[in-house]
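*Asks:* According to this note's numbering, the residues represented by the sequence shown are 424 to 597, in order.
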Amino acid sequence: MPPSAPSTARGPSWTGPPTTRVKKRLTRKNTLIADPARYIHYLGPTTCGSTHDYQLLKNEFDANLGLLDLFDLLADLGYLGLVTDYDLPPESLPHRKPRRSKKRPDAALTDAQRTENAVHARRRVKVEHAISGAKRLGCVAQTCRNKSASFTDRLLALACGIWNWHLEKRKEPI
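Written out as structure tokens, the structure reads:
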């Protein structure tokens with residue numbers, strides 16, 4: 424087999440289409456809280472990428488402390504239990520598309536729910552811009568083969584600090 428040909432996943436006796444093997448990567452995940460001006464106020468500790476977003480938030484913020492009441496939260500559908508566990512208004516989450524079933528094969532959001540989701544996305548895009556602004560530091564966005572979680576924490580804290588400094592410098596007159 425030539426070196427440029429993709430390897431087969433099940434060996435030479437399998438007759439299906441060849442598949443390429445993708446190298447597994449160690450992904451890391453952080454909780455981040457930013458305001459509409461894209462300023463990053465909170466950066467959580469680095470955890471493994473397989474941890475669910477909402478579980479990560481529950482580990483960092485206790486529901487009884489009321490720390491999330493200080494912010495007007497806009498979350499995505501990865502935080503579905505946020506409204507019930509933290510007593511937040513339902514407007515902090517977008518509407519979820521209803522599940523299709525035999526009784527409702529054409530399940531879809533109503534027009535009002537779609538417009539509310541669009542308004543929610545327009546407000547939430549500022550947070551996504553803050554995340555991408557922190558990733559402007561190349562070593563944060565690229566593949567990192569570092570094994571130390573504390574180094575990754577410091578690296579992301581540095582990236583968020585540079586992003587916040589960039590926002591402050593843009594406000595100053597020349």
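C-beta: ideal position from N, C-alpha, C; glycine also. Being a predicted model, the structure only gives us computed values, none of them experimental.
Opposite Lys480 in the DSSP bridges: which residues?
*Replies:* The count along the sequence shown starts at 1 and reaches residue 480 at position 57. Just to set this straight, residue 480 is Leu in the shown sequence, not Lys. Partner(s): none; Leu480 has no beta bridge.
*Asks:* Based on Cα-Cα distance, which residue from Pro521, Asp529, Ala557, Leu516 lies nearest to Val542?
*Replies:* The residue you call residue 542 lines up with position 119 of the sequence shown. Nearest C-alpha to Val542: Leu516.
*Asks:* Am I right that Leu480 and Thr470 are in contact with their C-beta atoms under 8 Å? What's the rounded C-beta distance?
*Replies:* Walking along the sequence shown from the start, residue 480 turns up at place 57. Walking along the sequence shown from the start, residue 470 turns up at place 47. Not confirmed; about 11 Å, so no contact.
*Asks:* Let me check understanding here. Comparing Cα to Cα, which of His518, Pro596, Ala460, Leu581 lies closest to Gly501?
*Replies:* In the sequence shown, residue 501 corresponds to position 78, counting from 1. Measuring from the Cα of Gly501, the nearest candidate turns out to be His518.
*Asks:* Taking the C-alpha atoms as reference points, what is the distance between Pro596 and Pro459?
*Replies:* Residue 596 sits at position 173 when you count from the first residue of the sequence shown. Residue 459 sits at position 36 when you count from the first residue of the sequence shown. Near 21 Å, if we compare the C-alpha coordinates of Pro459 and Pro596.
*Asks:* Name, in chain order, the residues that DSSP records as bridge partners for Gly463.
*Replies:* Looking up residue 463 in the sequence shown gives position 40. Residue 463 is actually Ile in this sequence, not Gly. Answer by DSSP bridge pairing, in chain order: Ala457.
*Asks:* Give me the Cα-Cα distance between Ala544 and Arg523, rounded to the nearest whole angstrom.
*Replies:* Your numbering for residue 544 matches position 121 in the sequence shown. Your numbering for residue 523 matches position 100 in the sequence shown. Cα to Cα, Ala544 sits roughly 24 Å from Arg523.
*Asks:* Are at least three pairs of beta-carbons, each pair with one atom in the region 525-538 and one in the region 562-571, less than 8 Å apart?
*Replies:* Short answer: they don't touch.
*Asks:* Quick check: the Cα distance between Asp495 and Gly561, rounded to an integer number of angstroms?
*Replies:* Looking up residue 495 in the sequence shown gives position 72. Looking up residue 561 in the sequence shown gives position 138. Taking the straight line joining both Cα atoms gives about 30 Å.
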